[in-house]
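S.K.:
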Amino acid sequence: MALETCGSCLSCLLVPLALWSIVVNILLYFPNGKASYQLPSYVWHFEGICFSGVMILLLAVILITLECSVFYRCCESESCNKTYRSFISIVLALLGVAFSGYSCIVFTWGLIQGPFCNSSGGWDYIFKDTAGGYLTDYSAWSRCTEPANIVAWNIILVSVLIALSGLQLIICFLKVAAELKRTLCGTYSVFVQVTNY
0 MALETCGSCL SCLLVPLALW SIVVNILLYF PNGKASYQLP SYVWHFEGIC
50 FSGVMILLLA VILITLECSV FYRCCESESC NKTYRSFISI VLALLGVAFS
100 GYSCIVFTWG LIQGPFCNSS GGWDYIFKDT AGGYLTDYSA WSRCTEPANI
150 VAWNIILVSV LIALSGLQLI ICFLKVAAEL KRTLCGTYSV FVQVTNY
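Using numbering that gives the first Met the number 0, you'd call the opening residue of the sequence shown number 0 and step up by one each time.
In structure tokens:
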């Protein structure tokens, strides 16, 4: 019951999450607040701006439009109309699962790999062989000499992006479950529409 009544509010929750993903990912382009540094490779995958941001935002807007629009009709029967809306919502929510899942995987990989920083050996991913062990080894953070505080900057922003894409993933899964429940257990038939002549 809760999924059915809250199914429409789930799409609205995706909008601020997508906007925050865009903002936080843009901050990754400016390590320590400056634009003069080299950037890590995962930033150029655009997962925070494109997949977890713009694509989720577009999906959310389309889902909200499908839920709120009383003028949208794809067929004559009201039951058929609801069925197609639910089907489109399920497909869009599954796309949201794919987009946010991809983002979550790339962000996690970026967190494990560590920041791209300058050390005594030059610019490199100096923590890439630690399998994320640098996260709790604060004394190792000083090996990154430039940009200043890049390890903390990277950990905080990438962790926020993992949380945002994880929440998007959960919301999209709940949206799929709500729409499947509405379609399969609702009061209208799923795909077969009988018309009387």
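Think of the CB as a built atom: it goes at the ideal place given N, C-alpha and C, for glycine as much as any other residue. These figures come from a predicted structure and were not determined experimentally.
G121 by DSSP, collapsed to three states: which one?
M.R.: Looking at G121 - three-state DSSP - the assignment turns out to be strand.
S.K.: Using alpha carbons as the reference points, say which of G121, A97, V14 lies closest to T64.
M.R.: The candidate whose alpha carbon is nearest that of T64 is V14.
S.K.: Using the Cα positions of A139 and I154, report the straight-line distance between them to the nearest angstrom.
M.R.: C-alpha separation (whole angstroms): 14 Å.
S.K.: Between which two residues does the alpha helix (DSSP H) carrying R181 extend?
M.R.: Per DSSP, R181 belongs to the alpha helix (DSSP H) from 149-184.
S.K.: Just reading off the alpha helix (DSSP H) that I61 is part of, what are its end residues?
M.R.: Element bounds for I61: 55-67.
S.K.: Alpha carbon to alpha carbon, how far is L179 from L91? Give it in angstroms, no decimals.
M.R.: So the alpha carbons of these two residues sit roughly 13 Å apart.
S.K.: I need the straight-line Cα distance from S102 to A151, nearest angstrom please.
M.R.: About 20 Å.
S.K.: What is the DSSP secondary structure of C143, counted as helix, strand or coil?
M.R.: In the structure shown, C143 sits in coil (DSSP, three-state: anything other than H, G, I, E or B).
S.K.: Between V23 and the rest of its own chain, which residues show a CB-CB distance below 8 Å, the 5 nearest in sequence each way excluded?
M.R.: Closer than 8 Å at the Cβ level, and outside the excluded window around V23, lie G47, L156, V159, L160, L163.
S.K.: Rounded to the nearest angstrom, what separates I111 and A130 at their Cα positions?
M.R.: Near 6 Å, if we compare the C-alpha coordinates of A130 and I111.
S.K.: Whose C-beta lies closer than 8 Å to the C-beta of V96 among residues of the same chain, with five residues either side of it excluded?
M.R.: The answer, listed in chain order, is L168, C171, F172, V175.
S.K.: Decide if T135 is buried, meaning its Cβ has at least 16 other Cβ atoms within 10 Å, or exposed.
M.R.: That one is exposed.
S.K.: As a quick exercise: from S85, G121, G132, pick the residue whose alpha carbon is nearest that of P146.
M.R.: Nearest option by C-alpha distance: G121.
S.K.: Rounded to a whole number of angstroms, what is the C-alpha to C-alpha distance between L212 and L62?
M.R.: Missing from the structure shown is residue 212; the chain here goes from 0 to 196 and no further.
S.K.: Measure the alpha-carbon distance for G113 versus L57 and round it to whole angstroms.
M.R.: For G113 and L57, the distance between alpha carbons rounds to 31 Å.
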